[in-house]
Amino acid sequence: MGGLVKGGVEDVRTAARGWRWGRRSLVPRSAEAHTLAKESSVFPTAWSRRRPAKAIREVVQQGGLRPLFRSQVSPHVEGLDMLGRVEPPVLFVANHASHLDTPLILLSLPDEWRRITAVAAAADYFFDTWWRAVGSALVFNTFPIERRGGSLAATPGDVLHDGWNLVVYPEGTRSVDGWVGSFRLGAAWLAVEHQVPVVPVAHRGTFAAMPRGQGWPSRGRKPVTVRFGPALRPAEGESARDFAPRIRSAVATLLDEDRSTWWEARRRAAAGAIPDPSGPDVATWRRVWAQTESPRPQAGIPRRRAWRR
Amino acid sequence: MSRPGFVLEVDDRTPPLVVHEGEGFRLEEFPLGTHVVYPPESMPGVPDVDEAIQRALLHPEGSEPLPELLRAGMRLTIAFDDISIPLPPMRKPDIRQRVIEAVLTMAADAGVDDVQLIAANALHRRMTDAELKDIVGERVFRSFHPQGLLYNHDAEDRSNLLHVGMTDQDEDVEINRRAAESDLLIYVNVNLVAMDGGHKSVPIGLASYKSLRHHHNSKTMVRSHSFMDPEKSHLHHSAWRMGRMLADHLKIFTIETTMNNEVFPKPYDFLLKREWEWSVKDQASMLAVRRGLSVAPGKLRHKMFHDLRAPYGITGVHAGETEAVHAKTLANVHRQQMVEVQGQSDVLVLGVPYLGPYNVNSVMNPILATCMGLGYYFNSYRGQPVVRRGGAVILYHPVKPDFNQLHHPSYVDFYEEVLAESTDPAVIEAKHEEAYATDPWYVHLYRTSYAYHGVHPFYMWYWAAHAMDHVDDVVWVGGDRRAVSRLGFRAATTLSDALEMVSGTVGSSPSITYLHNPPHLIADVR
Chain P
6 MGGLVKGGVE DVRTAARGWR WGRRSLVPRS AEAHTLAKES SVFPTAWSRR RPAKAIREVV
66 QQGGLRPLFR SQVSPHVEGL DMLGRVEPPV LFVANHASHL DTPLILLSLP DEWRRITAVA
126 AAADYFFDTW WRAVGSALVF NTFPIERRGG SLAATPGDVL HDGWNLVVYP EGTRSVDGWV
186 GSFRLGAAWL AVEHQVPVVP VAHRGTFAAM PRGQGWPSRG RKPVTVRFGP ALRPAEGESA
246 RDFAPRIRSA VATLLDEDRS TWWEARRRAA AGAIPDPSGP DVATWRRVWA QTESPRPQAG
306 IPRRRAWRR
Chain D
45 MSRPGFVLEV DDRTPPLVVH EGEGFRLEEF PLGTHVVYPP ESMPGVPDVD EAIQRALLHP
105 EGSEPLPELL RAGMRLTIAF DDISIPLPPM RKPDIRQRVI EAVLTMAADA GVDDVQLIAA
165 NALHRRMTDA ELKDIVGERV FRSFHPQGLL YNHDAEDRSN LLHVGMTDQD EDVEINRRAA
225 ESDLLIYVNV NLVAMDGGHK SVPIGLASYK SLRHHHNSKT MVRSHSFMDP EKSHLHHSAW
285 RMGRMLADHL KIFTIETTMN NEVFPKPYDF LLKREWEWSV KDQASMLAVR RGLSVAPGKL
345 RHKMFHDLRA PYGITGVHAG ETEAVHAKTL ANVHRQQMVE VQGQSDVLVL GVPYLGPYNV
405 NSVMNPILAT CMGLGYYFNS YRGQPVVRRG GAVILYHPVK PDFNQLHHPS YVDFYEEVLA
465 ESTDPAVIEA KHEEAYATDP WYVHLYRTSY AYHGVHPFYM WYWAAHAMDH VDDVVWVGGD
525 RRAVSRLGFR AATTLSDALE MVSGTVGSSP SITYLHNPPH LIADVR
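These protein sequence lines map, in sequence, to chains P and D.
Numbers 6 to 314, taken from this note's numbering, label the letters of the first sequence in order.
Numbers 45 to 570, taken from this note's numbering, label the letters of the second sequence in order.
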């Protein structure tokens, strides 16, 4: 009997470790090309935008997520004044480097904006199991968006039409090295199709704080910055294909502004010398290395301390 | 749409992998970088098996349609593969039953009276009545068996053997007299692996020791690279010479069937899936099966495995002239089992499961485990062996010195007397084979009981001769130390120990390839 229990415990341990119980299962790298794409299942999320869910979300975000987030990272927010110049609904279009990006953006927004902001999340990642889908929809107000094409329970257009702002990551996935990848046309297409403004959002430091593959932020309350830019509107007759580069350029300018100053970034933008947000063409380790360094918000301006030394 | 096979490279994301070891399996964590060869997923079976059989019989390859070959007053013999294939046995109805019923329906329509059915068991044990009935079905069994018209081939019944002649390489061709003197011999085959079928069916399945010894010997097996590749197999070259000669002597109508890789029924179907794709249910099934096996008494564990009936799908039925049929059959087998592998490795890892061709409803003794691992699995390649010459093979099996006295009496003596003296296939062949092959007691048991022929353990040992010749080290993980030592090999407790033991041969960081079977696969090594 003892052997049975011992063997059983050992087997359960082996299975828990091997199949990553409680965490997302992984496919061996060499098997990725031989893995079938998961069939997209339509997960309804309309409930998460109704009053009861909104009330629960408010409690969870304010009472749990916000203090937890602030206990793990040190956020620095700029550019919220831009929101005063635009009316919802808008598309918040941001670069994507970490799972911290969504709470960073949501918790940076003024409450009246945050409460009416939903997040477009990958259907094959956040909606692959019911508990993950319910959790993310409830806490972050996510709805599924198909990265490979397919049917959706609530299209982004419907959500916009109901007056909700959307957070969209046009890269489609988190950056593998912290630098900005190419932007897909989805966000630009939504803006053009539904004639909603795009608020570019740039953030830095989330890759350094919690890169891809890490389940929790690194110790030491690493600084993360987020900067909202002036809203962009598609010009009369402008196509999504033309609008998308403008959005990416706006995010790149914001990143540059966050690194330096608004004036310097403006001058570089005027000279067409904004640094490429996709980073230098150097060895992978150097790209990763550069992004593992946390940003120094407001370089040169001393941080105000609650307690003087 | 079934996915093709592929070679996995073990990385930090790879969960433990299933390795079969007798009546059980373990979850093994292979060293990073190990190559694991996965067979193609199960192909879909034909939607209507009976329709596929009819089409094959009415539109055969290189032959007139079967009804045109049948006439009143003719002598018709139907031979069929015995219980050694498929593995595991097929869920009812057996494909042989369906084919034989279709053939007999046509024969009845043509007014054929003189029909006999012979199980082509060569030197394998006779099948019991229940086993025969299991294969041919109740209708056929009731119609023929009570009259003595459905029976096992007897390779020692001199009065019912016919020496047809010699091949151009002086090989005796001696087969069942009834089959040889028939107006039409129909052979019903189940083609599980690439070595089956073709001219291996009639000239071997219905042959005598006198004929079999020309290709069932250590020299032929060492030179067959491999015997799973008929083009490179000296065993098959010999069988083909005999078959062509027989084809000149009598009319043979071959019917071959192929099946997919559905070898494990529920709830064991998780064993067919790639481990990283196991659902929570699959993981729970695995844990439950492992716990069940660990507490089950030996007899129950044996029953759990040996009662498995595979829900195979039939991927093809072809009939007609033997070689034309077999070309189509081989293409089907290759499509289901072939996996391209780049280059040889230093170490080959094989998990030997509970079942081989010669222990259906029986026990896999150490000699059969060797045959299964170093014979069938080692030879499951095309091109060149998966492991380099001078490399090492690591096998998983308990290798318990348990023997079924009813089925394998000569194996006991082979293990106790012959292997104690030498494990060299050529030496034991020269010194002991004839004595065992002609021993009256073994012959008596073969003919009247359910025993494998006296020479059969020798053949099993020859089956492994190519592997023994090719590699320098063989280690059995989890094997009984005394039994493994008797076989001339070494035993280890874990894979790490085994790799440590073979490090003298292949170094401390060898390249490793694990063939993830069952289900069956053929490594096409480039």
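All C-beta atoms in this analysis are idealised placements derived from N, C-alpha and C, irrespective of residue type, glycine included.
Only a predicted model underlies this, so the values are computations on that prediction, with no experimental measurement involved.
query                                                                                                                                                                                       : result
Distance, Cα to Cα, Arg288 of chain D vs Asp240 of chain D?                                                                                                                                 : 16 angstroms
For Ala146 of chain D, which residues in the same chain have their Cβ closer than 8 angstroms to its Cβ, ignoring the five residues on either side in sequence?                             : Asp94, Ile97, Gln98, Leu101
Buried or exposed for Gln66 of chain P, going by 16 or more other Cβ atoms inside 10 Å?                                                                                                     : buried
From Phe533 of chain D to Asp517 of chain D, what distance separates their C-alpha atoms?                                                                                                   : 8 angstroms
Once you ignore the five residues that flank His207 of chain D on each side, which residues in its own chain have a CB closer than 7 angstroms to its CB?                                   : Asp216, Glu218
Does the contact criterion of 3 or more C-beta pairs under 8 angstroms hold for the stretch 437-450 of chain D versus the stretch 406-420 of chain D?                                       : yes
From Ala238 of chain D to Gly68 of chain D, what does the alpha carbon distance come to, in whole angstroms?                                                                                : 26 angstroms
Using the rule of at least 16 other Cβ atoms within 10 Å of the residue's Cβ for burial, across every protein chain shown, is Gly191 of chain P buried or exposed?                          : buried
Out of curiosity, what's the CA-to-CA distance linking Asp468 of chain D and Thr134 of chain P?                                                                                             : 58 angstroms
Report yes if the CB atom of Ala224 of chain D is closer than 9 angstroms to the CB atom of His197 of chain D, and no otherwise.                                                            : no
Given that a residue counts as buried once 16 or more other Cβ atoms are within 10 Å of its Cβ, and exposed if not, what is Arg341 of chain P?                                              : Summary: the structure shown does not reach residue 341 of chain P, with chain P confined to residues 6 through 314, and so no result is reported for it.
Can you give me, in chain order, the residues of the stretch 51-63 of chain D that have a beta carbon less than 8 angstroms from any beta carbon in chain P?                                : Val51, Leu52, Glu53, Val54, Asp55, Arg57, Thr58, Pro59, Pro60
Does the pairing of the stretch 394-401 of chain D with the stretch 343-355 of chain D give three or more beta-carbon distances under 8 angstroms?                                          : yes
From Val14 of chain P to Arg318 of chain D, what distance separates their C-alpha atoms?                                                                                                    : 23 angstroms
Secondary structure at Gln160 of chain D, three-state DSSP: helix, strand or coil?                                                                                                          : strand
Enumerate in chain order the residues of its own chain whose CB-to-CB distance from Val185 of chain P is below 6 angstroms, with the five nearest sequence positions on each side excluded. : Asn100, Pro282, Ser283
What does DSSP give as the partner residues of Lys227 of chain P in its beta bridges?                                                                                                       : P:Val78
Given a threshold of 16 other Cβ atoms within 10 Å of its Cβ, counted over all protein chains shown, does Val10 of chain P qualify as buried or as exposed?                                 : exposed
Going by CA-CA distance only, name the one from D:Pro104, D:Val519, D:Pro274 that's closest to His441 of chain D.                                                                           : D:Val519
Excluding the 5 residues flanking Asn304 of chain D on each side, which residues of the same chain have their C-beta closer than 7 angstroms to its C-beta?                                 : Ser86, Met87, Gly89, Tyr356, Gly357, Thr359, Gln380
Distance cutoff 9 angstroms, beta carbons only. Does Ser338 of chain D sit that close to anything in chain P?                                                                               : yes
Using a Cβ-Cβ cut-off of less than 9 angstroms, list which residues of the stretch 24-38 of chain P approach chain D; keep chain order.                                                     : Trp24, Arg25, Trp26, Ser30, Leu31, Val32, Pro33, Arg34, Ser35, Ala36, Ala38
Below 9 angstroms between beta carbons: does that hold for Thr301 of chain D and Val234 of chain D?                                                                                         : yes
How many Å lie between Leu88 of chain P and Phe145 of chain P at the Cα?                                                                                                                    : 20 angstroms
So the alpha helix (DSSP H) Leu165 of chain P belongs to, where does it begin and stop?                                                                                                     : 161-166
For Met382 of chain D, count neighbouring Cβ atoms within 10 angstroms of its own Cβ and tell me buried if that reaches 16, exposed if not.                                                 : buried
Less than 9 angstroms between CB atoms is the rule here; does Val17 of chain P satisfy it with respect to chain D?                                                                          : yes
For Pro397 of chain D and chain P, any beta-carbon pair shorter than 9 angstroms?                                                                                                           : no
Thinking Ala270 of chain P and Thr258 of chain P are a contact (beta carbons under 8 angstroms), I'd like their distance in whole angstroms, please.                                        : 6 angstroms
Determine whether the Cβ of Thr230 of chain P lies closer than 9 angstroms to any Cβ atom of chain D.                                                                                       : no
Kindly list, in the order they appear in chain D, the residues whose Cβ is closer than 8 angstroms to that of Leu9 of chain P.                                                              : Arg335, Ser338, Val339
With distances taken from CA atoms, which of D:Tyr253, D:Leu71, D:Leu193, D:Ala354 is nearest Gln327 of chain D?                                                                            : D:Leu71
Any Cβ of chain A within less than 9 angstroms of the Cβ of Glu73 of chain D?                                                                                                               : Of the chains in the structure shown, none is chain A; the protein chains are P and D.
Could you tell me the distance, in whole angstroms, from the CA atom of Tyr580 of chain D to the CA atom of Leu279 of chain D?                                                              : Any answer about residue 580 of chain D is impossible in this case: the structure gives chain D only from 45 up to 570.
So, is the C-beta of Ala42 of chain P closer than 9 angstroms to a C-beta in chain D?                                                                                                       : no
Just mark Ser270 of chain D as buried or exposed, buried being the case when its beta carbon has 16 or more other beta carbons within 10 Å.                                                 : buried
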